[in-house]
Each structure stands twice: as structure tokens, then as C-alpha cells.
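Residue numbering for the sequence shown follows our numbering, beginning at 12 and increasing consecutively.
Even glycine gets a Cβ: it sits at the ideal position worked out from N, Cα and C.
To keep things clear, I will list the structure first and then write my remarks on it.
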Amino acid sequence: MSGRADKVIKRFKREMTEGNVAQPARVQRAAEYSPGRKPGVPRTLNDDPSPVRGDRPSESELDLEYFCRPLRGLNRIFAYPNPGLTPGATFCRHLRWLVEQLLPNRNRVCAIFIFSFLLFPFSFASPQGNDQDYSKFLHTSQKHASLACSSCHHRTDNSAQPSFPGHRDCIECHRTQYATPNSPLCSICHSDLNGKDPPRKAFPASFKESFNMKFDHAQHMSGAARPKSGCVACHSSSLRRGAALSIPASLSAHNQCYTCHTPSAQSNGRDIASCKTCHDQKAYARTPTTSVAFSYAFSHAQHSARQRLNCADCHNYTAGLPQRRQVSSTRPAEHFPTGNNSCATCHNGRRSFGGDLDFKNCRRCHAGQSFRMGT
């Protein structure tokens, strides 16, 4: 195979430099698949003297490496501009030309196998370079999701306002792009790519990329980790709706967490200031607001401030359970006689909200498919 390849390459050099018109039929047929050919218009190698460039290359340039070399990023995979063809199509045509030159007709099956083998690694490659969307940054991309949060994020204060990382954080992976003047990569953070110190973009105010939040109620309800104000430190009981709907969210939620999770803070020798303490890229299901746990007329505002109840009077928390099941629902106990964590403990047959709690009329609390979230 190596001897035949050398002969093909030498013949290719000779025909390109001498402009040889007499070409075998197989070479002419292969030229029809060369880059730049319009569909249905056959062209010979003499019509298009070089599948590398439109001009005739010099003898020093005519080697296999220059003839078929992938460039960084697969953006322009060969050294010539070829409008209208994707990098994959360009690469495919070059491979087919080489395979047909290196193998005779009787080994066409083998040629197809080699062609597929050479093309296989590029079938999973994502286009980079100018084909990449640099208008936004995704934490969920394959490369970024595999990095530790501390690779880019460093806390120095308790500010919840995010900002773009500096060059030092990005250059570890994007060293090649940083060496390229006016690289499109710079447009992620900079509004202008000219000058030594181009202006930096303001962090998007509409940043709404979600991160999965993991929270262990059991760890936060015991010892020094328990907030002085209890559950209302995170859940606002003044809202006339279910407390579960007052779960802190968005960037402003960090202000509550940073009360304890200060920079360099540790608990039992473990860093609790890092993003990974609470966030990960794994999928988890948040309790939907259409769940039966939300679907009844109950006002936490009426039962906390006015009745002087706290969350533990009705809810239990259990360590080790999945996040959405750590805090118990009172729903199973609400339909039984007087006991702990049940409505009947206080509403023992007495009038409340203009009616008796006799569990005979379900519509006292439930109203078909649309239940009231508060009173």
C-alpha cells in the first residue's frame, strides 16, 4: 500500500506542475468529485489544477500534508476557500479522491471501508471556529459541564452579582484561541475586539440559566446550622399562599445563603463556600406546583403568625431521603382524628373559617381540579 501511495503522490505532483493533459479515465472520474465542482459539470484535474488552491502550487508545497491537512477547529478544514461546501463535505470529497487513487476498482469494497473508517472520527465532531455561536456561554456544553465550578468562579465577597471570569480562568483550555488575534471567542465577554484593552460587556441582566439546587433540610435544622428564625429564614410565611411556593430562587437567593456560606467558610472540615456545595449539572425533579401537596385551600399566613405555629408543628423532616421527600406532607394525617401533625389537633370539631371541620364535605378544602392556594 505504501509503495502505491508514493506512486500516486508522485504522479499527482508531476501532473500538477507539468499540466499533463493525458489523464486516465479513473483520474478524470475522480476529479468530478474534487472540491469546487458544480453538480453535473465534469471537470478534470487540468481544469482545476489543485484541489488545495485555485493557483498552481510550487514543488515544495506539493506534499500530502499540504494537500490534505485538517486545520484547527474544522472551520476551514483545508487551505483554500471553498464557498458553498461545509467542512464535512470538503473533507469527504478529498478522502474519496485519495481512496480512488490508492485502490484499484476490484478493491472498491475495501475502499468504502477505508473511507468510512477515516471519516468516522469526524462524524461526532462539533463545528468550531466561526461556526460556533459565541453570543452566549453555556455551562451545559460537553466541555464546560466537565469542569469544576472553581475553575472559573472565585468568591471574594458576599455579593450575589455575577461577573465574567478573567483571562486566567479561560486560557487554560483556550490557549490556542487566545493566541489568535481578534478571535471570535473574545466576543463572549468583550463588546469590541480592537485595542489592547477592549471594553468588557456588562453581565446580562436577563441571565436565567438554571442550575440544579440540592438542599438537605436535615442538615440545616440542627446544631449551629439551624437559622435563629427557623424555617421562615428561607420561607416567607407572610405570603397568602403555600410556603413551598416561596422557595428562594434566582441570583438574589444567594443573599440568604451567604449569611452562613461566607468565603472560605467550612463545616466539619468541608468547604461550604464553593458552588458545588449546592449546585450540580445532574437532573433532578422539583416538586411541581400541580402536585396534590399544593392542591388544597390552606394559608400558612393564617396558621403561623396568627396561631403562633411553626413549621415543625405540622411537618417532620427526615435525613437521607430524596430532596423532594425530606419534609413530610401533612396530607395523610389531615383526614384522621386528633393526633400529632394533624389538622384535627386544633380544629377538633370547632368552627373555623365559617364552617365545621367534620370531613364530610370535601369541598370545604378541595374544589375540583382548581384548588385555591390561599385564603
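In this structure, His228 sits near Gln337, with a CB-CB distance shorter than 8 Å.
As the crow flies, the alpha-carbon of Gly206 is around 41 Å from that of Gln267.
Taking all protein chains in view, the Cβ of Leu196 is crowded by 16 or more other Cβ atoms within 10 Å, so the residue is classified as buried. The criterion of a C-beta distance shorter than 8 Å is satisfied by Thr167 and Pro274.
Assignment of Tyr328 by DSSP, reduced to helix, strand and coil, places it in the strand class. For Arg237, the three-state secondary structure derived from DSSP is coil.
Non-local C-beta neighbours of Leu149 in its own chain, meaning closer than 7 Å and more than five positions away in sequence, comprise His155, ordered along the chain.
In this chain, the alpha helix (DSSP H) harbouring Cys181 covers 178-182.
Taking the CA atoms as reference points, Ser278 sits about 33 Å from Pro215. When the beta-carbon positions are compared, Pro209 and His201 come within less than 8 Å of each other. The residues Pro238, in chain order, have a CB closer than 6 Å to that of Ala244 in the same chain once the five nearest residues on each side in sequence are set aside. Taking a contact as a CB-CB distance under 8 Å, the pair Ser285 and Ala171 does not count as one, their CB atoms being some 15 Å apart. For Tyr328, the closest alpha carbon among the candidates Leu204, Ser339, Cys242 is that of Ser339.
Fully enclosed alpha helix (DSSP H) runs of no fewer than 4 residues occupy 153-156 of the segment 142-166, in order along the chain. If the five residues before and after Asp180 are omitted, its C-beta is found closer than 7 Å to the C-beta atoms of Ser162, Cys163, all from its own chain and listed in chain order.
In the DSSP annotation of this structure, the continuous segment of the alpha helix (DSSP H) that includes Asn266 starts and ends at 265-268. Distance from the CA atom of Ser152 to the CA atom of His314, rounded to whole angstroms, is 46 Å.
Taking a contact as a CB-CB distance under 8 Å, the pair Phe226 and Cys289 counts as one, their CB atoms being some 7 Å apart. In this structure Asp291 touches Asn223 by the C-beta definition: roughly 6 Å separates them, less than 8 Å.
When beta bridges are read from the DSSP output, Val338 appears opposite Tyr328. With respect to the C-alpha of Arg211, the residue from Asn169, Gly177, His185 having the closest C-alpha is Gly177. Straight through space, the alpha carbons of Tyr189 and Leu204 are spaced by roughly 12 Å.
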